[in-house]
Amino acid sequence: MRYGSHPEQVVDVAGDGPVVAVIHGGCFRARYGRDLCAPIAADLVARGYRAANVEYRRLDAGGTWPEPLDDVVAAARAVRAALLVGHSAGGHLALLAAGRLDLPAVAQAPVADLALAVAVGACEGAADRLLSAGATSPLAEPATGPHLVLHGDADDDVPVAIGRAYAAAAPACTYVELSGCGHMEHLDPGSEAWRTACAWISERLPSGTGSRTAGSPRS
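Note that this note's numbering numbers the sequence shown so that position 168 is 177, with each residue one more than the last.
Below you can see the structure in the form of structure tokens.
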């Protein structure tokens, strides 16, 4: 479905039940799209949720700032999301959108501090561009409602120091650090990282119709 007139303002919706909006990462770059989150969106459907896999305007795809955040907020409203899930750059957007929409959220390895991302060389220069455009970091505006931040201590793309810094500044945050977990494991339905996310989601947003095989390791 469309939630705006720009070609990037689209969202793939599937399933029935409470709506979980999924926001992909990819350093805010145009070459990364919502296909990154298709596996976990499908797993949410299998668990009895209505998954909304959000596309948004990214750097060099019609967005600088605040277009990415504006799009996520608009998409979440359009699909009547009850909970947000975001990975990496999508985690950054999920945390900010959660504050604006008063929704619970799961942030997987979020780029929660753009300045620290610049300092550690994360996000391929995108963080610099966003800061120049006046972008806000979740660290400066921590979500005040219930939210979970998951970060792996073996993450080479978004170092765990970023997750730790956000957690220290966000009293409402439940922070879980995953031993041996890297960056992309969060998008594998068979991973410990995703199972941890789903356990938190189900506590706050029971589906009642989920498949018992959802999230099982793939052969």
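Glycine included, each C-beta is placed from N, C-alpha and C at the ideal position.
Bounding residues of the alpha helix (DSSP H) (the contiguous stretch that carries residue i)
{"i": "E186", "result": "Run containing E186: none in the alpha helix (DSSP H); it sits in the beta strand (DSSP E), C182 to L187."}
{"i": "A30", "result": "A30 -> not in any alpha helix (DSSP H); beta strand (DSSP E) instead, spanning V28 to I32."}
{"i": "Y172", "result": "What sits at residue 172 in the sequence shown is Gly, not Tyr. Run containing G172: V169 to A178, per the alpha helix (DSSP H) assignment."}
{"i": "L123", "result": "L123 to V129"}
Backbone CA spacing between residue i and residue j [nearest angstrom]
{"i": "A85", "j": "A128", "result": "31 Å"}
{"i": "L157", "j": "Y12", "result": "27 Å"}
{"i": "A118", "j": "G100", "result": "7 Å"}
{"i": "S97", "j": "P180", "result": "21 Å"}
{"i": "M10", "j": "V63", "result": "10 Å"}
{"i": "S225", "j": "A206", "result": "For S225, the predicted structure reports a pLDDT of 37, less than 50, and the residue's modelled location is therefore unreliable. A value from the coordinates is still provided. Their Cα atoms are separated by approximately 14 Å."}
{"i": "A174", "j": "A152", "result": "14 Å"}
{"i": "A247", "j": "R56", "result": "Since the first residue shown for the chain is 10 and the last is 228, residue 247 is missing from the structure and cannot be characterised."}
{"i": "D231", "j": "R59", "result": "The structure shown does not extend to residue 231, since the chain is modelled only from 10 to 228, so the question has no answer here."}
{"i": "L68", "j": "C36", "result": "9 Å"}
{"i": "G154", "j": "A202", "result": "22 Å"}
{"i": "T222", "j": "R204", "result": "With a pLDDT of only 37 at T222, under 50, the local geometry of the prediction cannot be trusted, and the value read off the model is given with reservation. If I take the Cα positions, the gap works out to 12 Å."}
{"i": "G71", "j": "G134", "result": "17 Å"}
{"i": "A47", "j": "V22", "result": "11 Å"}
{"i": "L105", "j": "R43", "result": "19 Å"}
Distance between beta carbons of residue j and residue i, contact taken as under 8 Å
{"i": "A121", "j": "L140", "result": "Not confirmed; about 14 Å, so no contact."}
{"i": "W74", "j": "A136", "result": "With 8 Å as the limit, W74 and A136 do not qualify as a contact, their Cβ atoms being about 11 Å apart."}
{"i": "L53", "j": "V29", "result": "5 Å"}
Residue i vs residue j beta-carbon contact at 8 Å
{"i": "A61", "j": "V88", "result": "yes"}
{"i": "A163", "j": "G199", "result": "no"}
{"i": "L233", "j": "H160", "result": "What is shown of the chain runs 10 to 228, which leaves residue 233 out entirely."}
Range of the contiguous beta strand (DSSP E) that encloses residue i
{"i": "H96", "result": "L92 to H96"}
{"i": "D21", "result": "V20 to A23"}
{"i": "R59", "result": "R59 to V63"}
{"i": "V115", "result": "A114 to Q117"}
Any chain C beta carbon closer than 8 Å to residue i
{"i": "R67", "result": "This model lacks chain C altogether; it includes just one protein chain."}
Stretch-stretch touch, CB-based, cutoff 8 Å, three pairs: the segment 12-20 with the segment 152-170: Judged by Cβ distances under 8 Å, the segment 12-20 makes no contact with the segment 152-170, as fewer than three pairs qualify.
Determine contact between the segment 209-217 and the segment 111-128, defined as no fewer than three beta-carbon pairs at a distance below 8 Å. yes
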